[in-house]
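Notes to accompany the following structure.
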Amino acid sequence: GVRGLANLTPIKEKEVLLIGSALDDAMAGAVYRTLDCMVSRMGVQSFNVAFYLAPDGDAAEDWTGFPVVVRIVDRGDVSNRVADFGAMELYASSVVSSDPFAVAKCMRQAVSAPEVVEG
585 GVRGLANLTP IKEKEVLLIG SALDDAMAGA VYRTLDCMVS RMGVQSFNVA FYLAPDGDAA
645 EDWTGFPVVV RIVDRGDVSN RVADFGAMEL YASSVVSSDP FAVAKCMRQA VSAPEVVEG
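Heads up, the sequence shown is in the numbering used here, so the first residue is 585 and it goes up one at a time.
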């Protein structure tokens, strides 16, 4: 299964993490439902999606059981040039004005799976 959470210490607006055991149909559906919720219910216009996976092929370390982690963040209002994810978040302090609990509540209402939890 896939679990999701609204990050309580987001690096950018409306940060959501999805964690699953495989890059499969369940994860694809969770990513779709999360993005659909963010766009249609939260007004997100532009976003970044990153997939963290175990290395493909031979590795010196044992990656058995490493989960698939998907990180989704709102890039901000596309009409506001200073709202985009950029140097402020990378080199200084993050600028976040959205309430992670409101993000979690919206996700919980919109998404039946994955289960979105606060934490």
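No residue lacks a Cβ here, since even glycine has one placed at the ideal position from N, Cα and C.
Residue i - DSSP class collapsed to helix/strand/coil
| i | result |
| --- | --- |
| F650 | coil |
| V657 | strand |
| V600 | strand |
| V687 | helix |
Cut-off 6 angstroms between Cβ atoms - residues of its own chain near residue i, not counting five sequence neighbours on either side
| i | result |
| --- | --- |
| A634 | R655 |
| A610 | V586 |
| Q693 | none |
| G604 | V586, M611 and V652 |
Cutoff 7 angstroms; reference residue i; Cβ partners in own chain excluding five residues on either side
| i | result |
| --- | --- |
| E645 | none |
| S682 | E597 and K598 |
Supposed contact pair residue j and residue i - C-beta distance, whole angstroms, cut 8 angstroms
| i | j | result |
| --- | --- | --- |
| V687 | V600 | 7 angstroms |
| L592 | P684 | 5 angstroms |
Same chain only: Cβ atoms within 8 angstroms of residue i, ignoring 5 sequence neighbours per side
| i | result |
| --- | --- |
| M691 | G588, A590, V600, T618, C621 and V700 |
| A606 | V652 |
| V615 | L602, V633, V654 and I656 |
| W647 | A638 and P639 |
message: So, does the stretch 590-603 touch the stretch 644-658, judging by three or more C-beta pairs under 8 angstroms?
response: Enough Cβ pairs lie closer than 8 angstroms, so yes.
query: Okay, do the stretch 615-629 and the stretch 638-647 touch, 3+ Cβ pairs below 8 angstroms being the bar?
result: Not touching, per the Cβ criterion.
task: Jot down the residue ranges of each uninterrupted alpha helix (DSSP H) in the stretch 607-649, minimum 4 residues, whole runs only, in chain order.
output: Here the runs fully enclosed are 609-624.
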